[in-house]
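Asker:
Residue numbers (my numbering): 61 to 404.
1. Please work out which residues of its chain come closer than 8 Å, Cβ to Cβ, to residue 309, disregarding the five sequence neighbours upstream and downstream, and give them in chain order.
2. Using the C-alpha atoms, what's the distance from residue 349 back to residue 384?
3. Is residue 110 helix, strand or coil when you go by DSSP?
4. Since residue 308 sits in a beta bridge, which residues does DSSP pair it with?
5. Taking all protein chains shown into account, do 16 or more other C-beta atoms lie within 10 angstroms of the C-beta of residue 380, making it buried, or fewer, making it exposed?
6. Check whether the Cβ atoms of residue 336 and residue 242 sit closer than 8 Å, and answer yes or no.
7. Among 88, 229 and 123, which one has its Cα closest to the Cα of residue 115?
8. Can you list, in chain order, the residues of its chain with a C-beta nearer than 7 Å to that of residue 396? Leave out the 5 residues immediately preceding and following it.
9. Residue 129 lies in the beta strand (DSSP E); which residues open and close that run?
10. So what's residue 80 in DSSP terms, helix, strand or just coil?
11. Does the distance from the CB of residue 109 to the CB of residue 168 come in under 8 Å?
12. Quick check on the burial criterion: 16 or more other C-beta atoms within 10 angstroms. Buried or exposed for residue 64?
13. Measure the CB-CB distance between residue 228 and residue 171 and report whether it falls below 8 Å.
14. What are the partner residues of residue 92, as DSSP defines its beta bridges?
15. Where do the ends of the alpha helix (DSSP H) carrying residue 356 lie?
16. Who does residue 173 pair with in a DSSP beta bridge?
17. Here's the rule: buried if 16 or more other CB atoms are within 10 angstroms of the residue's CB, otherwise exposed. What is residue 117?
18. Go to residue 144, then tell me how far its alpha helix (DSSP H) extends in each direction, as first and last residue.
19. Look up residue 97 in the DSSP assignment and say whether it is helix, strand or coil.
20. Is residue 239 helix, strand or coil when you go by DSSP?
21. Nearest CA to the CA of residue 322: which residue from 333, 301 and 161?
22. By DSSP's criteria, residue 279 is part of a beta bridge. Which residues make up the other side?
23. Please report the Cβ distance between residue 341 and residue 392, rounded to the nearest whole angstrom; I am assuming they are in contact, meaning their Cβ atoms lie under 8 Å.
24. Count the other CB atoms within 10 Å of the CB of residue 275; is the residue buried (16 or more) or exposed (fewer)?
25. Quick test of your reading: residue 233 and residue 270, contact by CB under 8 Å. State the CB separation rounded to the nearest angstrom.
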């Protein structure tokens with residue numbers, strides 16, 4: 061489990077990949093949604109597709125294992141919503157005859173909660189001036205691949221609807237500056253490496269946002285079957301629960317939290333602002349440049365860039381080290397200032 065957690069954060073080229081042992085049985089029985097040719101109708105509903113197994117092209121049996129070489133997979137699929145959704149729908153097909161779970165507050169009995177640490181709400185500017193430099197276009201392609209993997213039109217649409225209770229999204233919010241709520245999100249999501257205070261800030265912010273989600277959004281009306289089955293009958297006890305755990309649906313009608321906050325967790329979690337000063341950045345620069353040198357040296361030694369002799373790189377590093385460090389300084393300070401995490 062520890063190695064798997066490290067693998068999810070092993071950003072390509074910057075952090076070391078991790079070896080994991082996997083069981084072949086996890087893949088032999090994996091199913092994929094396949095369209096039906098005849099679109100048959102069962103109990104008044106179209107069976108337009110079915111989940112069917114597709115065995116990998118290998119001879120491994122369920123009890124066999126194999127090793128994989130793993131890096132951060134967020135580049136290709138940062139939110140595997142479809143996997144969770146299909147699992148929930150298949151859990152009880154009787155209440156999901158159309159291939160989706162009940163969505164309204166009165167009948168919702170399952171939900172997918174998406175954690176979106178870096179929600180993107182920047183507006184597209186049709187008047188932007190594209191940079192046609194080949195190297196810069198190549199760098200932009202990486203950002204495009206990440207953005208495309210995070211875009212899920214149907215999920216975004218339904219999660220934004222007040223009357224849909226089968227999909228929720230938790231995104232970081234800190235005051236008015238929602239887009240830059242996470243301190244670790246600065247410097248292209250590498251801000252957490254700059255300061256432990258940034259990581260502590262985001263941890264507390266996550267606790268506070270989760271607290272607000274459970275209190276105000278993850279709620280259902282008392283007559284929903286999930287809630288009704290656990291509530292006492294109408295009377296003083298039920299009235300006391302509604303008073304002690306007040307919540308409302310978007311239309312103003314009463315609701316109850318699915319996971320109530322108790323004890324100390326009822327107190328508002330405080331999140332103090334966090335910033336870095338230029339001298340703190342200055343102390344980090346030698347470590348950042350040393351890391352860059354180490355990564356490039358390892359790539360040369362492992363012949364990933366074998367065309368560059370190590371001696372030539374060492375000479376080039378001596379000549380250009382000052383310029384590299386100055387560029388790092390400018391880039392880090394500019395990113396912190398732009399995102400509101402620099403204190404002059």
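No residue lacks a Cβ here, since even glycine has one placed at the ideal position from N, Cα and C. A quick note: this is a predicted structure, and the numbers were derived from the prediction, not measured.
Answerer: So, to answer that:
1. To locate residue 309, count along the chain shown from 1; it is residue 249. Contacts found: 165, 279, 281 and 315.
2. Walking along the chain shown from the start, residue 384 turns up at place 324. Walking along the chain shown from the start, residue 349 turns up at place 289. Taking the CA atoms as reference points, residue 384 sits about 8 Å from residue 349.
3. Taking the first residue of the chain shown as 1, we reach residue 110 at position 50. In the structure shown, residue 110 adopts extended strand secondary structure according to DSSP, grouped into three states.
4. The residue labelled residue 308 in the question sits at position 248 within the chain shown. In the DSSP secondary-structure assignment, residue 308 is bridged to 314.
5. Along the chain shown, one-based indexing puts residue 380 at 320. So residue 380 ends up on the exposed side.
6. Position 276 of the chain shown holds residue 336. Position 182 of the chain shown holds residue 242. Annotated as distal: residue 336 and residue 242, with beta-carbon spacing of 8 Å or more.
7. For the purposes of this step, residue 115 is taken as the residue at position 55 of the chain shown. Selected option, being the one with the closest Cα: 88.
8. Translated into the one-based positions of the chain shown, residue 396 becomes position 336. Counting only Cβ-Cβ distances below 7 Å, and skipping sequence neighbours, we find 246, 336 and 402.
9. To locate residue 129, count along the chain shown from 1; it is residue 69. For residue 129, the enclosing beta strand (DSSP E) starts and ends at 125-130.
10. What you label residue 80 is simply residue 20 of the chain shown in a count that begins at 1. It is a strand residue.
11. The count along the chain shown starts at 1 and reaches residue 109 at position 49. The count along the chain shown starts at 1 and reaches residue 168 at position 108. Note that the C-beta distance between residue 109 and residue 168 is not below 8 Å.
12. For the purposes of this step, residue 64 is identified with residue 4 of the chain shown, where counting begins at 1. Per the 10 Å Cβ criterion, exposed.
13. Within the chain shown, numbered from 1, the residue matching residue 228 stands at position 168. Within the chain shown, numbered from 1, the residue matching residue 171 stands at position 111. With respect to the 8 Å criterion, residue 228 and residue 171 are classified as neighbours on the basis of their beta carbons.
14. Residue mapping note: residue 92 aligns to position 32 of the chain shown, counting from 1. Per DSSP, the beta-bridge partners of residue 92 are 112.
15. For this step, residue 356 is matched to residue 296 along the chain shown. Counting along the chain, the alpha helix (DSSP H) containing residue 356 begins and ends at 338-361.
16. Counting from one through the chain shown, the residue named residue 173 turns up at place 113. Answer is 228.
17. For the purposes of this step, residue 117 is taken as the residue at position 57 of the chain shown. With fewer than 16 neighbouring CB atoms inside 10 Å of its own CB, residue 117 falls in the exposed class.
18. As a working note, residue 144 is residue 84 in the chain shown. Looking at the DSSP string, the run of the alpha helix (DSSP H) that includes residue 144 is 141-151.
19. Residue 97 sits at position 37 when you count from the first residue of the chain shown. Strand at residue 97.
20. Position 179 of the chain shown, counted from the start, is the residue given in the question as residue 239. The predicted model places residue 239 with a pLDDT of 48, which falls under 50 and marks its position as unreliable; any figure quoted below should be read in that light. Here residue 239 sits in helix by DSSP.
21. Position 262 of the chain shown, counted from the start, is the residue given in the question as residue 322. With distances taken between Cα atoms, residue 322 lies closest to 301.
22. Locating residue 279 in the chain shown gives position 219, counting from the first residue. Bridge partners of residue 279 according to DSSP: 317.
23. Here residue 341 refers to the residue found at position 281 when the chain shown is read from its first residue. Here residue 392 refers to the residue found at position 332 when the chain shown is read from its first residue. With a Cβ gap of about 5 Å, residue 341 and residue 392 count as contacting.
24. Here residue 275 refers to the residue found at position 215 of the chain shown. Label assigned to residue 275: buried.
25. For the purposes of this step, residue 233 is taken as the residue at position 173 of the chain shown. For the purposes of this step, residue 270 is taken as the residue at position 210 of the chain shown. Contact between residue 233 and residue 270 does not hold, since the beta-carbon distance rounds to 11 Å and is not under 8 Å.
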